[in-house]
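Peer 1:
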Amino acid sequence: RQDNLGLSACNRKLFHGGRAARQPVGDPWDPRLQRPGRPQETMDMASPGSVKVWDDETDVLVCGYGLAGACAAIEAHDLDPTADILVLEKMPERYQGGNSRASGQSLLISKDVEALKSYQRAMSAPNPIPEDMLDAWARRMVELEPWIMARAEEAGARYLHGTGWSDRGVVLEFPEYGAAEAVAHTATILPVPSGVWLAFKANVERRPRIRRRFGTRVVDLVQDPDSLEVVGAVVEQDGARRCIRARRGLVMCTGGFENNLDMQRNYFGLSDAHPLGTPGNTGDGIKILQKAGADLWHLRNQGQSGGIWPGFRFPGHDTVFLRQLFWQTFSWIDIGRDHRRFFDETWEWQLTHYKQRVHGEWIDTPHHRVAPMHMIFDETTRAANTLITSIMTWNAVVEDYAWSEDNAAEVAKGWIVQADSVESLATKIGRDPAAVADTVRRYNEACARGVDEEFGRSSETLYPIATAPFYAIEIVPAIVCTGGGARRNIESEVLDHHGKPIPRLYEAGELGSMFSNLYQNGSYLTEAMISGRAAGRNAVRLRPVEAIA
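Here it is, written out as C-alpha cells:
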C-alpha cells in the first residue's frame with residue numbers, strides 16, 4: 288500500500304438517519320472496520336480530511352471518455368482556456384470511446400421546439416420527464432446543429448444529412464406520436480463507422496489543456512461528509528489507488544450497466560443479456576453515485592429504451608455481434624425455446640429499436656423471453672449474406688473482427704452449425720428433430736402460399752428453406768445500452784433524494800439519461816452532447832474549492 292494515496296488514514300462517513308458520523312482513523316478498505324451486517328463498500332467513503340496527499344489536481348475532472356466526456360471537456364476548455372481539464376478513462380487507450388465509438392453515429396436534428404417536446408413527451412408518457420427539463424432540452428436540441436457542424440469542420444470531417452450507411456435521410460421511429468413534425472432530418476459525421484466519435488476525439492486532442500489518462504478507473508468520490516460537496520476522486524491505476532483533487536467540479540460519464548449481468552437481473556429483470564457496445568460498461572458509476580447520496584431514475588422502464596436485439600456470442604469475445612440488418616435473401620427463420628417461430632423475423636425492427644406494438648403499447652420484441660433461440664437457414668442465405676452488421680458494434684468496429692462475406696470461416700470455426708438435413712441440424716444443436724422439421728415445413732408451406740398467416744411476414748421475404756446444406760446459429764439477447772443512473776437536471780447537476788443538487792457533482796451521457804421509455808434514433812448521442820456541454824460549462828464556472836472560506 289502506498290501511504291501518499293491518502294487511503295491509510297481516513298475519517299469514515301456513515302449515514303444514520305440522514306446524518307453523517309465519523310469513524311476512527313484506519314484503512315477504508317480494511318475489513319476490520321466493516322460494521323456487522325452492513326456491506327462495507329456501501330458505507331465507507333473518503334472524506335477531504337482523510338486525504339494526506341493529493342496525487343494530482345485539476346480544475347475539472349471528467350470520469351469517462353465517450354462522447355459525453357469529450358463534450359464536457361471541450362465545453363469546459365472553450366469557456367476557460369486557462370483551466371486544466373483531466374479526462375479519465377477506465378479502458379486502455381486502444382479501447383477509448385465507449386459506446387459512442389461503436390454506435391450507429393446517428394444524430395437527431397430538430398427545427399421545431401414544440402413538436403420535439405410533444406414527441407418526446409408522448410414517448411415518455413409512462414414515466415414522464417419533468418416539463419422544465421423537457422422544455423430546455425428541446426430548445427437546446429434545436430440550437431445544436433451549428434455547434435456539431437463546427438466540431439466536424441474543426442476536425443476536417445464531413446457533416447452529412449442522412450445516416451451515412453443507408454439511403455435514408457431521416458429515421459422516424461414512432462410516427463403516431465409526431466415523429467415527422469419533430470425530426471427534421473437524421474445527420475452524422477463521416478467516415479462510417481465511428482465518424483462522430485472520431486471528430487470529437489480530434490477536437491479534444493486539439494486542445495492543449497485537456498489531459499487524458501487511460502487505464503484509470505474511478506472507484507470512489509472524495510466528498511465532504513456533512514455537505515456532500517465533492518472535491519475529488521479515488522482512482523485505481525496500475526493496481527494502485529490514488530487521489531485526484533477536482534478544484535471546481537467533477538463530471539461522471541462512465542456509461543451504463545450493459546455488461547453487468549447481475550445488475551441486469553436485479554435492475555431490469557433480464558436473466559441473460561449481452562452488450563453490443565463497450566465491455567467497460569459495468570455499472571461502476573451507478574454504484575458510486577448511489578454511495579454519494581444521489582437519487583436514481585430510469586433503471587426500469589417499460590422496455591429497454593435502446594431495445595433488445597438479436598446477437599451472436601462466441602468464446603474469446605467479451606461482447607456480442609449484431610445480426611445483419613439488410614438481407615439479400617430470406618430463406619431463414621428464428622425459433623425459440625419451444626422450437627417454434629415467435630415473430631416476423633424480416634420486419635425492419637431496427638427502425639423502432641426492436642419495439643413492437645402489442646395491444647396499443649410499444650414493448651420489447653420477445654428475444655429476452657423465448658431463449659434459447661436459433662436462426663435456421665439454408666445454403667442460399669449462407670452464401671449470399673454476411674450474417675453480422677459491420678458498421679456498428681464493438682466487435683466489428685473496435686475489435687475489427689472481419690467476418691467472412693459468405694460465413695465460410697465461421698462455419699469452419701464451428702460458430703455456425705452445418706448439417707445435410709433439418710432433422711440432423713436440430714439434433715446437433717440439442718433440439719427435437721421432429722419439432723424443428725415441423726416448424727420448417729409449416730414455414731415452407733407459407734412460402735408456397737405466399738402468405739405468412741402466423742406472423743404476417745411480407746410475401747417478398749417468404750423464401751423457402753430448401754437448399755442443403757442447412758445451418759443454425761444461436762441467437763442471444765443483445766443490449767445497445769442502458770440509460771439508468773443518478774437523477775439529474777438539465778444543467779447536469781446530480782440530485783439527491785430531496786431533489787437538491789449535490790455540490791460540484793455532475794453527470795452526463797448514457798449514465799442517468801433523461802430518456803425514460805421509448806427512444807428515437809439519434810437521441811442518445813445528441814443528449815450526450817447537451818448533457819456533456821452543460822456539465823463542463825457549469826463545472827468550469829465554479830470558484831475553485833480551495834478559494835472558498
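Residue numbers (our numbering): 288 to 836. Even for Gly, the Cβ is constructed at its ideal location relative to N, Cα and C. Given the structure is predicted, the values throughout are model-derived calculations rather than measurements.
#1: Using DSSP with H/G/I as helix, E/B as strand and the rest coil, what is V685?
#2: Going by Cα to Cα distance, which pick from L366, P720 and S618 is closest to A735?
#3: Can you tell me which residues form a DSSP beta bridge with I531?
#4: Please state whether DSSP places R500 in a helix, a strand or coil.
#5: Going by the CB atoms, is the gap between I777 and L431 shorter than 8 Å?
#6: Rank G593, I573, R820 and G385 by C-alpha distance to the C-alpha of V767 and give the top, closest one.
#7: Give the straight-line distance between the Cα atoms of A795 and G356, rounded to the nearest whole angstrom.
#8: Helix, strand or coil for I777 per DSSP?
#9: Could you tell me the distance, in whole angstroms, from the CA atom of A466 to the CA atom of S405?
#10: Give me, in chain order, the residues of the same chain whose beta-carbon lies closer than 7 Å to that of W484; leave out the 5 immediate sequence neighbours on both sides.
#11: Counting only runs of 3+ residues fully inside the stretch 378-443, write out the beta strand (DSSP E) ranges in chain order.
#12: Helix, strand or coil for A826 per DSSP?
#13: Write down the C-beta distance between Q524 and T503 rounded to the nearest angstrom, noting that I regard them as a contact closer than 8 Å.
#14: For D665, name the three-state secondary structure that DSSP assigns.
#15: In the DSSP assignment, what are the bridge partners of T475?
#16: By the 10 Å Cβ neighbour count, where 16 or more other Cβ atoms means buried, how is Q807 classified, buried or exposed?
#17: Under a three-way DSSP split, which group does C540 fall into?
#18: Which residues bound the beta strand (DSSP E) around G598?
#19: Any idea if K700 is buried or exposed, counting beta-carbon neighbours within 10 angstroms, 16 or more meaning buried?
#20: Starting from E460, trace the alpha helix (DSSP H) both ways and give me its first and last residue.
#21: Considering only the beta carbon of each residue, do G598 and A765 sit closer than 8 Å?
#22: Helix, strand or coil for I817, going by three-state DSSP, please let me know.
#23: Do the stretch 783-791 and the stretch 679-695 touch if we need at least three Cβ pairs shorter than 8 Å?
#24: Give the straight-line distance between the Cα atoms of V827 and P368, rounded to the nearest whole angstrom.
#25: Smallest Cα separation from L375: which of E516, R445, V521 and G590?
#26: In its own chain, which residues sit with a C-beta less than 8 Å from the C-beta of Q611, not counting the 5 before and 5 after it?
#27: For R498, which residues in the same chain have their Cβ closer than 8 Å to its Cβ, ignoring the five residues on either side in sequence?
#28: Using CA atoms only, rank isn't needed, just tell me which of L366, G770, D343 and V832 is closest to G572.
#29: How long is the line joining the alpha carbons of G772 and Y793, rounded to whole angstroms?
#30: Can you name the start and end residues of the alpha helix (DSSP H) that F487 belongs to?
#31: In whole angstroms, what is the alpha-carbon distance linking V517 and L576?
#32: Cα separation between Q705 and E732?
#33: Looking at C-alpha atoms only, which residue of P751, A755 and T726 is the closest neighbour of E741?
#34: Assign K642 to buried or exposed, taking buried as 16 or more other Cβ atoms, counted over all protein chains shown, within 10 Å of its Cβ.
#35: Does the pairing of the stretch 410-423 with the stretch 467-483 give three or more beta-carbon distances under 8 Å?
#36: Look up W636 in the DSSP assignment and say whether it is helix, strand or coil.
Peer 2: The relevant details are as follows:
#1: Three-state result, V685: coil.
#2: When only C-alpha atoms are compared, the closest one is S618.
#3: DSSP, once it has assigned bridges, lists D343 and A520 as partnering I531.
#4: Strand.
#5: No; because the gap between Cβ atoms is not below 8 Å, this pair is not in contact.
#6: Closest option to V767, judged by alpha-carbon separation, among G593, I573, R820 and G385: G593.
#7: Straight-line Cα distance between these residues: approximately 7 Å.
#8: The three-state reading of DSSP puts I777 in coil, since its state is none of H, G, I, E or B.
#9: C-alpha separation (whole angstroms): 9 Å.
#10: Hits under 7 Å: L354, G384, S387 and R388.
#11: The qualifying runs are 394-396.
#12: Here DSSP, grouped into helix, strand and coil, assigns A826 to helix.
#13: So it is a contact: roughly 4 Å between Cβ atoms.
#14: Looking at D665 - three-state DSSP - the assignment turns out to be strand.
#15: Answer is L447.
#16: Buried, since its Cβ has 16 or more Cβ neighbours within 10 Å.
#17: Here C540 sits in coil by DSSP.
#18: Its beta strand (DSSP E) spans residues I595 to F599.
#19: Within 10 angstroms of the beta-carbon of K700 lie fewer than 16 other beta-carbons, which makes it exposed.
#20: Here E460 belongs to no alpha helix (DSSP H), and DSSP marks it neither H nor E.
#21: Between G598 and A765, the C-beta spacing is below 8 Å.
#22: I817 falls in the helix class under three-state DSSP.
#23: Below 8 Å, too few C-beta pairs join the stretch 783-791 and the stretch 679-695 to call them touching: fewer than three.
#24: For the pair V827 and P368, the Cα-to-Cα distance works out to about 10 Å.
#25: Ranking the options by Cα distance to L375, first place goes to V521.
#26: Non-local C-beta neighbours of Q611 in its own chain, meaning closer than 8 Å and more than five positions away in sequence, comprise N672, T673, L674, I675 and T676, ordered along the chain.
#27: If we look at R498 and ignore the five residues flanking it on each side, its Cβ neighbours are T345, D371, I372, L373 and V374.
#28: Nearest in C-alpha terms to G572, of all of L366, G770, D343 and V832, is G770.
#29: In this structure, the alpha-carbon of G772 lies about 12 Å from that of Y793.
#30: Residues G482 to E492.
#31: Each residue's Cα considered, the two are about 11 Å apart.
#32: Q705 and E732: Cα-Cα distance of roughly 23 Å.
#33: Selection P751, A755 and T726 evaluated against E741 yields T726 as nearest (Cα-Cα).
#34: It counts as buried.
#35: Contact fails: fewer than three Cβ-Cβ distances are below 8 Å.
#36: Correct three-state label for W636: helix.
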